[in-house]
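For the sequence shown, full-length UniProt numbering assigns the number 1 to the initial residue and increments by one for each residue that follows.
Positions of the beta carbon are idealized from the N, C-alpha and C atoms, including for glycine.
On a predicted model such as this, the values are computed, not experimentally measured, just so you know.
Structure record follows, encoded as structure tokens.
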Amino acid sequence: MAKQLNLLSTGQVITTALHTEMQRSYLEYAMSVIVGRALPDVRDGLKPVHRRILYAMHELGLTPDRPYRKCARVVGDVLGKYHPHGDQSVYDALVRLVQSFSCRYPLLGGHGNFGSVDNDPPAAMRYTETRLAPISHEGMLAEIGEETVEFIGNFDNSQQEPTVLPAQLPFLLLNGCAGIAVGMATNIPPHNLGEVVDGLIALIDNPELSDEKLFKLIPGPDFPTGGEIVGKDGIHEAYTTGKGGILLRGVARIEEVPTGRGNKRRTAIVVTELPYQVNKAGWIEKVADLVNQGRLTGISDIRDESDRDGMRVVIELKRDAVPEELLYHLFHQTALQTNFGAILLGIVDGQPRQLSLRQLLQEFLDFREQTLNRRYSYELGKAENRLHIVSGLLAALSQVDQVIEILRQAADGSTAKVSLVSTLGLSEIQADEILAMPMRRLTGMERQKLQQEFEELEERINTLRKLLDDRKELLKSLKKDLRSLKRSYNDERRSKFIEKPDNKAFAKQKNKSDEKDQSTKSKSQSPPIQVPVEDVVLEFSQRGYVRRTSLSSKRSKSDSGIPDYDFIIQASETNTHKDLLVVTSGGKMYPLQVGDIPATTAGRGARGTPLITLLTSTAQSQAESIVGRLVIPENSTNTDVVLLTKQGRIKRLPIEELTNISRRGVTILKLKDDDELLSTHFVNSGERLVLASSGGRIVYFEVNDAQLPYMGRTAVGLQALRVGKQHQMVGCVTLSKNSHLLLVTQEGYAKQLDASKFKLANRGDLGAQVVKFSVATDNLAGIALVKPETEIALVTSNQRVIRLNGESVPVLNKNDWGKKVVELNRDETIVTVNEVAIENNS
């Protein structure tokens, strides 16, 4: 039997308490994870795996001007030389450096499938290819060979790897970083390169720069997927304390989209950007689940129309849905609105530290200054060594006969070297260079080249010594490098800022189901209840609501019931026995007795009733928008109706054609393919109309039998203005000689034109160009008549309502661009121009 080994008697066993050993071992493990795996270095902004990937690719020569190489080759090199972990973890890290929706400035370029915003997995590493991106090659690795950073041995001491890369930009801020270590985590949002560079330069110029000025230069994160940042309180907290919550929203707008049945359209919410790191496919599935559970109502269809040009998710709405209310619920029930918990945590001097924005920028500047000192010291040493050699060569050439004589007399190279050193006073290095010098160096041209090199080296040495001795010159060089990188890689901000909305307006809105019940009740009364004749006011809102109030009622302005994003566009006095004629974009007219419109009272019902819900079910199913609401005036002997289509067809219809219409509706205008009715107007013979197209042209003519003859219901109308294929009609108003016309473009420019300077033209003319556009892509959005004390409401593509006093817009001539009257957000345009009708506040 083998003798048992007594370890206790050999002195090789150290007795220790279990809890002490556990504490020590766990601390070592925790620090290993924190420093060596999960958290980024504040200097180059990289975790060890990312740093090793970039350095391995640099060693492989995968520069931006070289062909792509298989990712499997890169992963193999990283594993074999620097990172002894699993291949999938390395490949996952590599993939993220390629993804443009993960990194604001991707450090690698790629060929093949590297995943998508739908969380689709990338292809296997044997299929995909990669190489360094220009920004990482120039801004991260260009100085790696100039002794700018320390190198250490790899895991088996067979290779050397850098402890940090000589980054010329703070990539920790540019691309952000997320990581979970032991007992701590980091979550740094990405930023815009130009803004960060401006902040760095400002700190160099003034280290005592106030936080307020710094935050103006770097106003907040800039996410690769865009989106909207709501408010700045969280940003300010994160920038000053190193930790804060940033509220993000996707970009959604309300549009009229085709339904696939002719020219019919339906209201929809279109999402074009999602918050950072939100899975699009998962978000769509979540919305569908909420609809199926009954927690989201008013959605009829949801589809993903995204393509290589960008994201587009269309949420079609039901007829009775209120888009703003549904958008509010999407923000609060789904990831269309998320909170980004920013934690500015990084490795500083081998220890994890939570930093403010100022501290993070200053740590990078200190590192960059140190890097430049090392680089210039290295370059100075090389230049001085070369100058020493060149001076020796020039000395030999000045005494070439004596050098040749020494070489003739010498028995061998060693003897010649000793003779050169002792006779000419050269160093051994200079003597070696002279002995290795080819005979062509004795020519006059070669002597001239050596002299030129000597002068250039002297100049460069003086410059380098100045940079190393004078910190101000060094900082100038640093700023020059930063500006050069900004010129090369800066781009436009993708994430925009919006003010934090007041959600109380949404909370106080009328419940949609109550509206539906109310409209259903009013329509289900058969036969209709005979109500006494009552004088009323009908008010129609831009969002399609109608309010019926007594002409004698007293209502305060504060009880108007109209939300901020809606407004009254028409107010008509009538009585409960009259008919309201509703005209749709498809050229159909439906009658509706005023007495059948539910009376509006103060409180929850003050907003009114959706007008479309009061029409027949057939009208509701047509998916057409309402473009006209006609109340026949009392004295209508000389009154006619003018109909204008988007493609420029116009028709004058006698008012007698609008009587005795069935509730099923009638067609009052036949439309050609892809055309739709734009507007309806009452007009009297002898009045003058001005019609405008999106191309900035108008036609101004008198209403008479010659210019605009009467036509029947089935006629298609006459050509009012020759409209180009890329343009359409945008408005029609009745204009007197002393009136002023307001014109507003999609980019927010506006001007008044004096109607007295208009020349009468003929219907069907090309029209006069009255708007010059400052931007080639700009178009005329709409026109309106300028009246005293009347507001004009501009509705944007983001469904913002901007009120404008028309009289405040300057009166200009037709060749002027106009004045910028509206500040729009990125990709936001003016879509409609409406006169705000005076509400019934008597």
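Note to self: So if DSSP puts residue 54 in a beta bridge, which residue, or which two residues, is it bridged to?
What the structure shows: For residue 54, which the question treats as bridged, DSSP gives no partner whatsoever.
Notebook entry, point to check: Just checking my contact of residue 772 with residue 816 at CB under 8 Å: how many whole Å lie between their CB atoms?
Noted result: 7 Å
Next item on the list: Would you identify the three-state DSSP class for residue 68, choosing helix, strand or coil?
Entry: coil
Next item on the list: Please determine if the segment 612-626 and the segment 690-698 are in contact, where contact requires at least 3 C-beta pairs separated by less than 8 Å.
Entry: no
Notebook entry, point to check: Are the beta-carbon atoms belonging to residue 833 and residue 744 less than 8 Å from one another?
Noted result: yes
Item checked: Spatial distance of residue 240 from residue 315 (CA atoms) -> 39 Å
Item checked: Residue closest to residue 33, alpha-carbon to alpha-carbon, out of 793, 825, 183, 274 -> 183
Next item on the list: Let me know the secondary structure DSSP gives residue 520 once reduced to three states.
Entry: Because the pLDDT at residue 520 is just 40, under 50, the model does not fix this residue reliably, and the value given afterwards should be weighed accordingly. Helix at residue 520.
Notebook entry, point to check: Can you tell me the Cα-Cα spacing of residue 450 and residue 394, whole angstroms?
Noted result: 7 Å
Check: Leaving out five residues before and five after residue 296 in sequence, what residues of the same chain have Cβ atoms less than 8 Å from its Cβ?
Finding: 287, 290, 326, 329, 330, 333
Next item on the list: Report the three-state DSSP secondary structure of residue 697 (helix, strand or coil).
Entry: strand
Note to self: Buried or exposed, going by whether 16 or more other CB atoms sit within 10 Å of the CB of residue 430?
What the structure shows: buried
Note to self: Whole angstroms are fine: how far does the CA of residue 350 sit from the CA of residue 16?
What the structure shows: 28 Å
Check: Over what stretch of residues does the alpha helix (DSSP H) that includes residue 267 continue unbroken?
Finding: No alpha helix (DSSP H) contains residue 267, which is instead part of the beta strand (DSSP E) from 265-273.
Notebook entry, point to check: Between which two residues does the beta strand (DSSP E) containing residue 545 stretch?
Noted result: 545-550
Notebook entry, point to check: With C-beta atoms as the reference, is residue 145 less than 8 Å away from residue 129?
Noted result: no
Next item on the list: Give me the Cα-Cα distance between residue 799 and residue 533, rounded to the nearest whole angstrom.
Entry: 38 Å
Checklist line | DSSP-derived helix/strand/coil call for residue 315 | finding: strand
Check: Does at least one heavy atom of the ligand FAD sit under 7 Å from the Cβ of residue 357?
Finding: Although the ligand FAD was asked about, the structure shown includes no ligands whatsoever.
Checklist line | Length at least 3, wholly inside the segment 585-626: the beta strand (DSSP E) runs in chain order | finding: 588-593
Next item on the list: Could you please give me the residues that DSSP links to residue 649 through a beta bridge?
Entry: 719
Margin query: I'd like the span of the beta strand (DSSP E) that includes residue 337, first residue to last.
Written below: 337-343
Next item on the list: Go ahead and label residue 311 buried or exposed: buried means 16 or more other beta carbons lie within 10 angstroms of its beta carbon, across all protein chains shown.
Entry: buried
Checklist line | CB of residue 249 within 8 Å of CB of residue 259, strictly | finding: no
Check: If you follow the alpha helix (DSSP H) that residue 458 is part of, which residue opens it and which one closes it?
Finding: 444-469
Next item on the list: Answer yes or no: do residue 226 and residue 273 have a C-beta to C-beta separation smaller than 8 Å?
Entry: yes
Next item on the list: Evaluate contact between the segment 111-124 and the segment 38-53, counting only Cβ atoms and requiring at least three cross-stretch pairs below 8 Å.
Entry: no
Notebook entry, point to check: Where does residue 521 land, buried or exposed, given buried means 16+ other C-beta within 10 angstroms?
Noted result: Reliability fails at residue 521, whose pLDDT of 38 lies under 50, so the model's placement of it is uncertain and the value that follows must be treated cautiously. Counting Cβ neighbours within 10 Å, residue 521 comes out exposed, since fewer than 16 surround it.
Notebook entry, point to check: Within this structure, are the beta carbons of residue 218 and residue 357 separated by less than 8 Å?
Noted result: yes
Checklist line | Pair within 8 Å by beta-carbon distance, residue 572 and residue 538 | finding: yes
Checklist line | Contacts around residue 30, its chain only, beta-carbon distance under 7 Å, and the 5 residues preceding and following it disregarded | finding: 182, 183
Next item on the list: Classify residue 235 as helix, strand or coil using the three-state DSSP reduction.
Entry: helix
Checklist line | Enclosing beta strand (DSSP E) for residue 749 [first to last residue] | finding: 749-754
Note to self: Within 10 Å of its beta-carbon, does residue 84 have 16 or more other beta-carbons around it, so buried, or fewer, so exposed?
What the structure shows: exposed
Notebook entry, point to check: So does the segment 88-100 actually touch the segment 45-54, counting three or more Cβ pairs closer than 8 Å?
Noted result: yes
Next item on the list: Tell me whether residue 729 sits in a helix, a strand or coil according to DSSP, three-state version.
Entry: strand
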